[in-house]
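Chains as they are written, first to last, in the numbering used here: chain A, 1 to 123; chain B, 1 to 123; chain C, 1 to 123; chain D, 1 to 123. A virtual CB, placed ideally from N, CA and C, is assigned to each residue, including glycine.
4 protein chains.
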Amino acid sequence: MSKEYEASKPIYWQIAEQIFKQIIRGEIRPGDKLPSVREMAVLSGVNPNTIQRTYSELERMGIVETRRGQGTFIVSRDEIRGELCKKMEKDIVSHFVQSMAELGFTKDEMIKSVQDYFREGEI
Amino acid sequence: MSKEYEASKPIYWQIAEQIFKQIIRGEIRPGDKLPSVREMAVLSGVNPNTIQRTYSELERMGIVETRRGQGTFIVSRDEIRGELCKKMEKDIVSHFVQSMAELGFTKDEMIKSVQDYFREGEI
Amino acid sequence: MSKEYEASKPIYWQIAEQIFKQIIRGEIRPGDKLPSVREMAVLSGVNPNTIQRTYSELERMGIVETRRGQGTFIVSRDEIRGELCKKMEKDIVSHFVQSMAELGFTKDEMIKSVQDYFREGEI
Amino acid sequence: MSKEYEASKPIYWQIAEQIFKQIIRGEIRPGDKLPSVREMAVLSGVNPNTIQRTYSELERMGIVETRRGQGTFIVSRDEIRGELCKKMEKDIVSHFVQSMAELGFTKDEMIKSVQDYFREGEI
DNA sequence: GTGGTCTAGACCACA
DNA sequence: GTGGTCTAGACCACG
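Structure (structure tokens):
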């Protein structure tokens with residue numbers, strides 16, 4: 001099931017983002033074990049070192065904990081999912097607002113832009 | 001007057017974005033001459049090669065045209081400003097909507113998120 | 001009664017250290033029998049192999065002796081407790097002094113640092 | 001000038017610690033450029049990837065900043081040296097005090113242990 | 001030339 | 001079998 005990766009972001013980070021989304025959507029839950037580095041490498045069609053880096057990053061962010069010889073687990077605090085979701089939402093929204101503000105958009109214009117985006121899709 | 005640049009995006013692109021914004025805000029107008037590569041390099045506190053790349057990028061995007069021996073000029077079509085603004089707006093909004101959609105947000109939730117962002121700032 | 005273990009040190013060694021401390025504090029005495037590997041594994045919430053390794057290490061250090069068919073016992077020399085204590089104290093202190101010396105601290109500064117550590121706690 | 005590395009800690013971390021000490025002792029100063037990844041690899045007698053990891057770690061800790069195409073620089077806040085020193089001192093002291101406390105030592109006994117350590121050296 | 005990422009393949013400590 | 005580290009060598013974006 002090897003996927004295609006964009007050139008713009010590092011692969012290890014794109015894989016991390018996939019895991020974020022799986023946690024947020026509830027497909028992976030606190031306490032769950034992630035596939036081993038080697039398994040995940042095969043699943044993702046990349047080198048094990050790349051997955052290693054992904055998992056290291058997740059651990060540094062406190063999303064995952066690794067138990068030597070046992071595997072890598074989603075941190076078992078139930079709040080982790082909500083926290084992750086809030087964090088990502090905040091990052092995306094603040095990036096959006098700041099970008100639009102630099103272009104001179106006001107709050108209401110930003111909201112209108114989003115509504116228009118959906119309106120175009122409807123047509 | 002060397003500025004600080006983020007590590008996340010290439011410097012040549014950050015400078016291009018500054019120029020976009022100046023055009024959109026009307027600080028630079030169609031037909032205006034940009035500073036020479038060397039001048040701009042000094043103003044920005046970066047290597048002339050970096051400015052060269054910025055200008056190349058702007059030319060590739062049809063925003064700027066270079067006249068041998070005279071310099072680099074903003075393309076003289078008056079619509080350029082509006083086009084640029086629309087393009088950037090569209091890029092930002094579609095990136096925002098898609099990122100939020102991947103997190104499972106609906107249209108209304110996205111709009112609420114933006115409103116909340118401003119609400120927090122008010123407090 | 002599974003406990004939490006730090007990721008920095010191997011679990012087998014963390015368990016060995018717990019036993020050291022119990023001996024030093026007199027909770028376990030020379031001649032006492034340690035729990036069997038399997039019992040200890042359950043008590044500690046880890047794999048029996050891990051306890052096996054802990055006991056091997058203790059034996060290698062001459063702190064424990066195993067009698068086939070009977071179990072694992074704290075060595076019956078009464079001095080063992082004092083020796084262990086002296087050894088651990090010496091290890092900790094020499095590690096401390098050398099680390100501080102590498103940072104350029106003098107003897108008096110080291111002592112002051114320790115006193116300050118307690119002073120902060122008091123406030 | 002290839003050195004010997006202990007097996008207990010990862011090489012990339014031992015190299016990071018060397019840099020810490022050089023900063024604390026003032027041998028490297030805020031704003032200074034570190035050797036390039038490749039140079040440092042030769043100097044240290046290790047693979048460039050290992051140095052890369054060292055520098056990444058230093059950046060993550062906010063001690064160093066990297067400018068693509070230019071090099072890796074000690075962060076140019078003058079306070080960085082004092083902060084680093086305080087941080088390392090605190091880590092070492094708290095580790096020392098806690099280890100000794102677990103052995104049942106009181107504050108005064110800890111200080112006496114340190115003094116005795118130096119006294120033995122004198123003899 | 002500089003750092004950043006990735007691959008391939010190896011070895012180790014740990015459970 | 002699991003994660004962690006390291007080497008060797010490659011390619012890329014950037015300045």
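For a contact meaning CB atoms closer than 7 Å, what does residue i contact in chain A?
i               : result
ARG25 (chain B) : GLY104
Can you name the residues of chain C whose CB is closer than 9 Å to the CB of residue i?
i               : result
THR50 (chain A) : In chain order: nothing, as chain C lies at least about 22 Å away.
THR66 (chain A) : ALA7
LYS21 (chain D) : GLU102, LEU103, GLY104
For residue i, which residues of its own chain have a beta-carbon under 6 Å away from its beta-carbon, when the five flanking residues on both sides are left out?
i               : result
THR54 (chain B) : TYR12, ILE15, ALA16
THR50 (chain D) : ILE11, TYR12
SER56 (chain B) : none
Closest by CA to residue i, which one among the options?
i                : options                              : result
ALA7 (chain C)   : A:GLU39, A:TYR117, A:THR66, A:SER113 : A:THR66
ARG81 (chain A)  : A:ILE28, A:LYS9, A:TYR5              : A:ILE28
LYS86 (chain B)  : A:GLU109, A:GLN52, A:GLU83           : A:GLU109
ILE143 (chain D) : D:LYS90, D:GLU39, D:GLY31, D:PRO10   : As displayed, chain D neither begins before 1 nor continues past 123, which places residue 143 (chain D) out of reach and without an answer.
ASP116 (chain D) : C:LEU103, C:PRO10, C:VAL97, C:GLY26  : C:VAL97
LYS21 (chain C)  : C:MET88, C:GLU57, C:ALA101           : C:MET88
Quick one: residues in its chain with C-beta nearer than 7 Å to the C-beta of residue i, no 5 flanking neighbours on either side, listed in chain order?
i                : result
MET1 (chain B)   : A caution first: MET1 (chain B) carries a pLDDT of 42, below 50, which makes its placement in the model too unreliable to give a value.
PRO35 (chain A)  : LEU43
ARG38 (chain B)  : PRO48
TYR5 (chain B)   : ILE11, GLN14
LEU84 (chain A)  : PHE20, ILE23, ILE24, ILE63
GLY104 (chain C) : none
GLN52 (chain B)  : VAL37
LEU58 (chain A)  : ALA16, ILE19, VAL64
So, at 8 Å on beta carbons, what are the nonlocal neighbours of residue i in its own chain, with the 5 sequence-adjacent residues on each side left out?
i               : result
ASN47 (chain D) : ALA41
GLY26 (chain C) : ARG81
Does the separation of the CB atoms of residue i and residue j fall below 7 Å?
i                : j                : result
ILE23 (chain B)  : VAL114 (chain A) : no
SER99 (chain A)  : ILE92 (chain B)  : yes
PHE160 (chain B) : LYS9 (chain B)   : Residue 160 (chain B) is absent from the model: chain B starts at 1 and stops at 123.
PHE118 (chain C) : LYS90 (chain D)  : no
Which residues in chain C sit within 8 Å of residue i, going by Cβ to Cβ distance?
i                : result
GLU89 (chain D)  : MET100, LEU103, PHE105, SER113
THR126 (chain A) : Residue numbering for chain A in the displayed model covers 1 to 123; residue 126 (chain A) lies beyond these limits and cannot be assessed.
Below 9 Å on C-beta distance, what does residue i contact in chain B?
i               : result
SER94 (chain A) : TYR117
Just to make sure I have the definition right: I need the residues of chain C whose C-beta is within less than 7 Å of the C-beta of residue i. Which are they?
i                : result
MET110 (chain D) : VAL114
Would you say the beta carbon of residue i comes nearer than 6 Å to a heavy atom of the ligand PLP?
i               : result
GLN70 (chain B) : In terms of ligand content, the structure shown is empty, and the ligand PLP therefore cannot be addressed.
List, in chain order, every chain B residue whose beta-carbon is nearer than 8 Å to that of residue i.
i               : result
VAL97 (chain A) : VAL114, TYR117, PHE118
The region 62–77 of chain A contacting the region 75–85 of chain B, beta-carbon criterion three pairs below 8 Å
no
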